[in-house]
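Numbering (our numbering), first residue to last: 51 to 155.
Next comes the structure, spelled out in structure tokens:
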């Protein structure tokens, strides 16, 4: 059984993720679950995101994250479960969330 984690931050970087689900991933794997995580921000963007300045770099990271989320729609049906931590995108009107919940039930 395959599980997709749609998360805002890279794994092992944010306490909210470690506390809520990351600690269970190894145990799920032991029991035959195949867990894949797709962070919105990559490692480099995560380090820069909350720093002062860098508008263009942050904008590029957000656009890259949005593109990555929409590419997910092409292969999302191969997963048995999709777990969303917080929201699928930290910006925008939540169109991806609606597509995920409405179209891909």
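Virtual Cβ for every residue (Gly too), placed ideally from N, Cα, C.
Express the C-alpha separation of residue j and residue i in angstroms, rounding to a whole number.
i           : j           : result
residue 103 : residue 109 : 11 Å
residue 55  : residue 121 : 15 Å
residue 93  : residue 61  : 9 Å
Per the DSSP calculation, residue i is bridged to which residue(s)?
i           : result
residue 156 : No statement about residue 156 is possible, as the shown extent of the chain runs from 51 to 155 and does not include it.
residue 86  : 54
residue 133 : 55
Under 8 Å between the Cβ atoms of residue i and residue j?
i           : j           : result
residue 144 : residue 116 : no
residue 52  : residue 86  : yes
residue 75  : residue 135 : no
residue 146 : residue 127 : no
residue 139 : residue 99  : no
Kindly indicate the opening and closing residues of the alpha helix (DSSP H) around residue i.
i          : result
residue 69 : 65-70
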